[in-house]
Amino acid sequence: MEPGQHPVGLQIRGGTKVYPGTVALKAADFDLRMGAVNVLVGENGAGKSTMMKVIAGVERLTEGRILMEGEEVSFHGTEDAARHGIGIVFQELNLFPNMTVAENIFITRERTRLGIDIDKAAQREATRALMARLEHDIDPDTPVGELRVGQQQIVEIAKSLSQDAKILILDEPTSALSASEVEILFRVIADLKRNGVGIVYISHRLEELIRIGDYITVLRDGVVTGSRPMAGVDVGWIVRNMIGEASKDFAKTEEHAFGPELFRAEGVSLARPGGGLAVNDVSLSLRAGEILGIYGLMGAGRSEFLECVIGRHSHATGRFFVEGRPLTERSVAGRIERGIALIPEDRKQDGLVEILSIRENMTLSSLWDFTRVFHMNLRAEKGAVGDFVRRLAIKIASDEHPVGSLSGGNQQKVVIGKALMTRPKVLLMDEPSRGIDIGAKAEVFRTMRKLAAEGLGILFVTSDLDEVMSLSDRIIVMSDGRITGEFPREEATETRLVAASAVGHAPDAPHPETLQAEARP
Amino acid sequence: MTAVATNPPGSAGTQGALLLLLKARTFIALILVFAFFAFAAPNFLSTANMVIMSKHVALNAFLAIGMTFVIISGGIDLSVGSIVGLCGMVAGWLVLYGVNPGLGWSIQFNTLEICLIVILVGVAVGAVNGLLVTKLNVAPFIATLGTLYVARGLALLSSDGATFPNLGGNPEYGSASFRLIGAGSFLGIPISIWMLVAVGCLAAYIARRTPLGRFIYAVGGNERGAALSGVKVNRIKMFVYMFSGFCAALVGLIISSQLVAAHPATGETFELNAIAAAVLGGTSMSGGRGRIGGTIVGAFVIGVLSDGLVMMGVSAFWQTVIKGLVIIAAVVVDQAQQRLQARVALQAQAALGK
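Those protein sequences? They're chains A and B, same order as listed. Per the numbering used here, the first sequence starts with residue 3, numbered consecutively. Per the numbering used here, the second sequence starts with residue 411, numbered consecutively.
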């Protein structure tokens, strides 16, 4: 069929979704065409996942309409959406690790005899057929927890296939797949297309999108910035629409000279549970006053590397040096004492104790500073918290409120405050802008600049191209646990970063050898 | 802080008052229970009754204080009742026989030495709990359930199930003062109450004014987050179980001294009363929240309730039912308080325009 000839199966008109503190989707229009791959692309937090959650019935629009075949629909939950023929494979896997593959695939839709007795043989048979279609040799009776992440993703895809969905949403389906597995997935997608299934495909791998997509929609900060058939689209066009002509305002304001080497990592490796290496022989060095950005896709091993530095993984190998002296402390507390501080990616799980007050959270890492032998000076603690609240412009009604009552941006500032109170020399920041609105983002970035100017070394991880380009003094790209590129700021371009981040992943990676040569001067 | 919340008008004001009322609920409950029995039960307010009642309450309060730390850290200690029994037997053995190395002579101890050894035993059982939970990754419920049985079994084995009678001590060995732990008093107040005051103050101080206390709350609130902030999670857990064992050992000493006898079944189901007191005092079973003061008040509510009902002549069966209802009611009210508290905090935050 010619582009534009595919029938529209689902439309969003004027879709707006407001979360407390942020607007995730602003009056977005979206056409989902049947028998075609509708690609959705945008940076983290651009609103892709929100839009898909709306279509899949996980979230409901604050404003706007969803139309299917000309009629307005509204979904109350995923089952309701599934009844309308919509299936979704989430980025985070939603599987039960203790149940078998077959049980997972037929969860809530068990094949039964007389509605009571589960027909295990029939489920097993159906699962085998699905696996044959996906060209994977996975035994239906294996517990899902024993599978590799990539295989788990296949199970998740099989689950959607088994529902005979008319519309199938794939949110970053390839993030954990190997190149050959990606090829199989693409064959399945082509097959589904021939059967008239409308596919929504979300990914950060731009080459992959161009190869497989029929239509492309680009989102930026909740607004649709480009929507057209794929013919004639190139990486440059996508990047322009993703980031916009006018770069956001985090540009460097004043130059400062770097100091001597502050931190060095040598040959850091970390085994991944279930085989392989999450971090594969990473070495890097950081100077005082320098902001070193680590760019890469999800699962590239960036967060794991930072966790190795802070001492979370006791089985990690490799050596670290702070100001030339080896970092021999193994405990997190010991490393914090040596001047390393981590701002974790997942605030809720790793960064904060939500039940405790703002004050108690901020001083958690530096309590001994307010303590004589064993007696805490609560007044000094309160004073120091007040100082940092002012310095970081945290908006709070009282420092005694639970930290969970704050907006994402303010929570992030509390985590930053906690790290700074330990008077670190090296600051590790994992996705510092995740889940916070644009205003808070700008403030966080200003703070980073200021800290660097004061002589801290900052190592920050991001999957946001714009951020890494405008904030970093130097950029390291990681892919598949290895460093696949290193660029001084002047030499870095979006295209080169994207290419380096796909090394070892993309189905037809553009000449990894030349890239390596380019990347490592 | 420039933008201190100006008092929100109307509903928010009443919400604040309601919140205060809910926060003080255990204390209010104590006053109500007390007032009720003062009217309904004869001799309830007599000094003799007060002393007896406070002795009863103290036993549960000791255990509840130790339990509170364990629960705040996200665990549970089911073994305290058995530790009470075991420690009572150890105390009884030491008073009666001393230690016999099997060389034809025995080592006898004075009261202080007996107390120290018994406390050491309690702390050691707590340390076993801690090691199981931290090093061997056993779920606290299961680990302490195991030590519950082991400690109780050891207590029974020590005397073949018999009671150690006549723990009067021996003036020759300096253990005659053993009786004073349970029976003695200072300024008209029983020694065991003085001990409770000391332990209670110590625990409250640890909770509020030492990094150790803060870390206990942090570990219970978010173990991963606490570990990444540099908290030595395993040490904190070791401490709470050992402290709980310490509290249980004190109770074992006091009971065997009060009764002048040690029975191996002493302390059965004490752990449940201790958990009840902690929960009644506002400790959250999911960890991260609770106060020592609240727990002590909770222990008093339970103690006053059961003694008062006895004095009124209410049947023991009804007493059990009433105790259960009070605990359930306490948790229901606690949930309401949490919801209201979260709403008030969110409103204050929203009032900042953010």
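Cβ atoms here follow ideal geometry from the backbone N, Cα and C, with glycine treated the same way.
Between the alpha carbons of Trp604/B and Leu469/B lies a gap of roughly 12 Å. Proximity of Asn632/B to chain A, defined by a Cβ-Cβ separation below 7 Å, is satisfied. Taking 7 Å as the cut-off, the Cβ atoms of Phe472/B and Cys611/B do not count as close. By the CB criterion at 7 Å, Ala450/B and Met648/B fall outside the cutoff. At a Cβ-Cβ threshold of 7 Å, Leu264/A and Lys452/A do not count as neighbours.
In its chain, beyond the 5 residues on either side, Gln729, Lys733 have a beta carbon closer than 7 Å to the beta carbon of Ser716/B. For Glu61/A, the CB contacts under 8 Å within the same chain, skipping 5 residues up- and downstream, are Lys19, Thr52, Lys55 in chain order.
In the structure shown, the three-state DSSP call for Ile212/A is helix.
For Thr227/A, the uninterrupted beta strand (DSSP E) run begins and ends at 225-231, by DSSP.
Judged by DSSP in its simplified three-state form, Val237/A adopts helix. It is roughly 20 Å from the alpha-carbon of Leu394/A to the alpha-carbon of Glu292/A. In the three-state reduction of the DSSP assignment, His466/B falls in the helix class, which pools H, G and I. Taking C-beta separations shorter than 6 Å and ignoring five residues to either side along the sequence, the partners of Val225/A in its chain run Lys28, following chain order.
Counting of Cβ neighbours within 10 angstroms places Thr424/B among the exposed residues, the total staying below 16. With respect to Gly303/A, Val281/A sits close: the two C-beta atoms are nearer than 7 Å. For a Cβ distance threshold of 9 Å, residue set Tyr615, Arg619, Thr620 of chain B lies close to His377/A, ordered along the chain. Here DSSP, grouped into helix, strand and coil, assigns Val535/B to helix. Interface annotation, Gly703/B: not in contact with chain A, CB-CB separation never under 7 Å. A straight-line Cα-Cα distance of about 59 Å links Asn576/B and Ala386/A. Linking Ala637/B to Glu339/A through their CA atoms gives a straight-line distance of about 14 Å. Chain order gives no chain B residues near Arg374/A, where near means a beta carbon separation below 9 Å; the closest approach is about 11 Å. Its Cα nearest to that of Gly313/A, the residue Thr330/A stands out among Thr330/A, Leu299/A, Ser205/A, Tyr297/A. Proximity of Pro275/A to chain B, defined by a Cβ-Cβ separation below 7 Å, is not satisfied.
In the DSSP assignment, Arg207/A falls outside any alpha helix (DSSP H), carrying neither H nor E. Just so you know, the alpha carbons of Ile240/A and Arg498/A end up roughly 14 Å apart. For Ala451/B, there is no enclosing beta strand (DSSP E), as DSSP marks it with neither H nor E. Nearest CB-CB separation between Ser639/B and chain A: below the 7 Å threshold. Asp432/A is bridged by DSSP to Val463/A. Contiguous alpha helix (DSSP H) elements confined to the segment 135-200 of chain A occur at 151-164, 181-196, taking only those with 4 or more residues. For Ala395/A, there are no C-beta contacts with chain B under 9 Å, since the nearest C-beta of that chain is about 11 Å from it.
Listed along the chain, the chain B residues whose CB falls inside 7 Å of the CB of Pro346/A are Leu638. Using a 10 angstroms sphere on the CB of Trp515/B, the tally of other CB atoms stays under 16, which defines it as exposed. Unbroken beta strand (DSSP E) stretches of 3 residues or longer found wholly inside the segment 572-643 of chain B: none.
Contact between the segment 92-106 of chain A and the segment 135-148 of chain A is present: 3 or more CB-CB pairs across the two stretches fall below 8 Å. The beta carbon of Ile159/A sits closer than 6 Å to those of Val91, all from its chain and outside the five residues before and after it, given in chain order. Chain order gives the chain A residues near Arg699/B as Ile357, where near means a beta carbon separation below 8 Å.
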